[in-house]
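Visitor:
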Amino acid sequence: MQKLINEIKKTSGDMARRGWAESNGGNISLRLNEENYAFFNEFQPKSEMIKLPMGMPEIAGERFLVTGTGRFLRNIEVFPEKNIGVIEIDNMGKNWQLLWGYEPVGAPTSELPSHLLSHCRIKAKSDNQSFAFIHTHPNSVIALTYAVANLDTRSLSKLLWQSHAECVVVFPQGIEFLPWVMAGSMDLGIATADAMTKRNLAVWQFHGICGCGRNLDEAFGRIDVAEKAAEICLRVMAAGGVKQTLSDAQLRAIAANFNCPLDETLF
Ligand SMILES: [Zn+2]
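Numbering (this note's numbering), first residue to last: -8 to 258.
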């Protein structure tokens, strides 16, 4: 349990210090692995069964550590038991209840639909190896959604791949671009989960980014590299625009060199 809390303290602290989590912005969920799952076996539920917005049989019986609604990520390091909680999905995948946390009272993030629906998809696509999902508000990624006209998944992926040579290695499947949808809505949750079936990152226009990974470090790292590429892209624009860039052949060569499964449909 302490190891689990230390992991989320590190990630949430890093997010806050990078300026990705102003006020109550940003949220984290972590599906519990076997060891952490077993820790909560003797815990009595702290809440009623609460209905999920739709059935999620893929994550029936799973337990998740989730940041709390209205809570600040920057406070997790100091008061973890107030700002995070552990919820359990029932055996039908239809309801959840609280096992621990959100002291004295509270609930999971309002972005729970995006988190849980994405966990359904990333659990399946990773053969049960992916456990982490992060949503956050990094400045440069958000700024890019205002600064560049007619963005879509193809143009955004290509722009970031070309802005930093690490990107094709870190997210060779590209980055999904989701036009603005109301925060916390089922529409946003479904669109984000659909994006996670084929990619590990999704940008929410005018709002932020989501990333998944085997663990919090991997999910955080993917977002970190995308944000750095977005920052470089904005600096290039501010410095007068692109004078030269990585060619398609160079991008393909980098991906091939590191055995990365590049999404060719994005070229
Ligand atoms: Zn947000």
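Backbone N, C-alpha and C define an ideal beta-carbon position, used for all residues, glycine too.
In whole angstroms, what is the alpha-carbon distance linking residue 195 and residue 14?
Guide: Here residue 195 corresponds to residue number 204 of the sequence shown, with the count starting at 1. Here residue 14 corresponds to residue number 23 of the sequence shown, with the count starting at 1. Spanning the two alpha carbons is a distance of roughly 18 Å.
Visitor: By the 10 Å Cβ neighbour count, where 16 or more other Cβ atoms means buried, how is residue 58 classified, buried or exposed?
Guide: Working through the sequence shown from its first residue, we reach residue 58 at position 67. With 16 or more Cβ atoms within 10 Å of its Cβ, residue 58 is classed as buried.
Visitor: What span of residues does the beta strand (DSSP E) with residue 22 cover, start to end?
Guide: Your numbering for residue 22 matches position 31 in the sequence shown. That run of the beta strand (DSSP E) goes 18 to 22.
Visitor: Can the beta-carbon of residue 263 be found closer than 8 Å to that of residue 217?
Guide: This structure does not reach residue 263, given that the chain is present from -8 up to 258, and the question cannot be answered.
Visitor: With DSSP collapsed to three states, give me the class of residue 127.
Guide: Taking the sequence shown and counting its residues from 1, the one referred to as residue 127 is at position 136. Correct three-state label for residue 127: strand.
Visitor: State the start and end residues of the unbroken alpha helix (DSSP H) segment that holds residue 213.
Guide: Numbered from 1 along the sequence shown, position 222 holds the residue referred to as residue 213. It spans 207 to 229 - the alpha helix (DSSP H) in which residue 213 sits, taken as one unbroken run.
Visitor: Please state whether DSSP places residue 55 in a helix, a strand or coil.
Guide: The residue you call residue 55 lines up with position 64 of the sequence shown. Strand at residue 55.
Visitor: Does the region 171 to 182 come close enough to the region 234 to 250 that 3 or more CB-CB pairs lie under 8 Å?
Guide: Output reads no: the region 171 to 182 does not touch the region 234 to 250.
Visitor: Taking the straight line between their C-alpha atoms, what separation do you get for residue 202 and residue 3?
Guide: Position 211 of the sequence shown, counted from the first residue, corresponds to residue 202. Position 12 of the sequence shown, counted from the first residue, corresponds to residue 3. If I take the Cα positions, the gap works out to 14 Å.
Visitor: Return the chain-ordered ranges of every beta strand (DSSP E) run that is complete within the region 52 to 122 and spans a minimum of 3 residues.
Guide: Complete beta strand (DSSP E) runs here, min 3: 54 to 58, 75 to 80, 86 to 92.
Visitor: Are three or more beta carbon pairs between the region 200 to 215 and the region 117 to 136 nearer than 8 Å?
Guide: As far as the Cβ criterion goes, the region 200 to 215 touches the region 117 to 136, which means the pair count is three or higher.
Visitor: With C-beta atoms as the reference, is residue 80 less than 8 Å away from residue 53?
Guide: By 1-based counting over the sequence shown, the position of residue 80 is 89. By 1-based counting over the sequence shown, the position of residue 53 is 62. It is a contact, given that the beta carbons lie within the stated cut-off.
Visitor: If you measure between the beta carbons of residue 21 and residue 70, is that distance less than 8 Å?
Guide: Position 30 of the sequence shown, counted from the start, is the residue given in the question as residue 21. Position 79 of the sequence shown, counted from the start, is the residue given in the question as residue 70. Not in contact: residue 21 and residue 70 (Cβ atoms no closer than 8 Å).
Visitor: Under 8 Å, do residue 17 and residue 89 count as touching if we go by C-beta distance?
Guide: Reading the sequence shown from its first residue, position 26 is the one you call residue 17. Reading the sequence shown from its first residue, position 98 is the one you call residue 89. Cβ distance not < 8 Å, so residue 17 and residue 89 don't count as in contact.
Visitor: What residue range is occupied by the uninterrupted beta strand (DSSP E) comprising residue 151?
Guide: Taking the first residue of the sequence shown as 1, we reach residue 151 at position 160. Here residue 151 belongs to no beta strand (DSSP E); instead the alpha helix (DSSP H) covers 144 to 154.
Visitor: In angstroms, rounded to a whole number, what distance separates the CA positions of residue 72 and residue 130?
Guide: Indexing the sequence shown from 1 puts residue 72 at position 81. Indexing the sequence shown from 1 puts residue 130 at position 139. Distance between the alpha carbons of residue 72 and residue 130: 29 Å.
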